[in-house]
């Protein structure tokens, strides 16, 4: 479930950035393969996201409860 949440946050963060970059690259060079170009952009954004959005440690749900 945690990975699904992380992916959801990533796609929300990356969506507009990906479309903007895709338009920019395809306008500059219409001969680019759209699928490879979009894939490359998403990989770059995923790398950027991981660098800037480090996962916070998960708190132990039992912390502070009596034993």
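Residue numbers (the numbering used here): 35 to 101.
For glycine and all other residues, C-beta sits at the position ideal for the given N, C-alpha and C.
Cutting at 7 Å between CB atoms, please list the residues of its own chain near residue i, excluding the five before and the five after it.
i, result
"residue 104", "Only positions 35 to 101 of the chain appear in the structure, and residue 104 is not among them; the question remains open."
"residue 68", "60"
"residue 56", "71, 72 and 75"
"residue 78", "none"
"residue 51", "79"
Mapping DSSP to helix, strand and coil, what is residue i?
i, result
"residue 15", "Lying before the first or after the last residue shown, residue 15 is absent from the chain, which here runs from 35 to 101."
"residue 64", "coil"
"residue 48", "helix"
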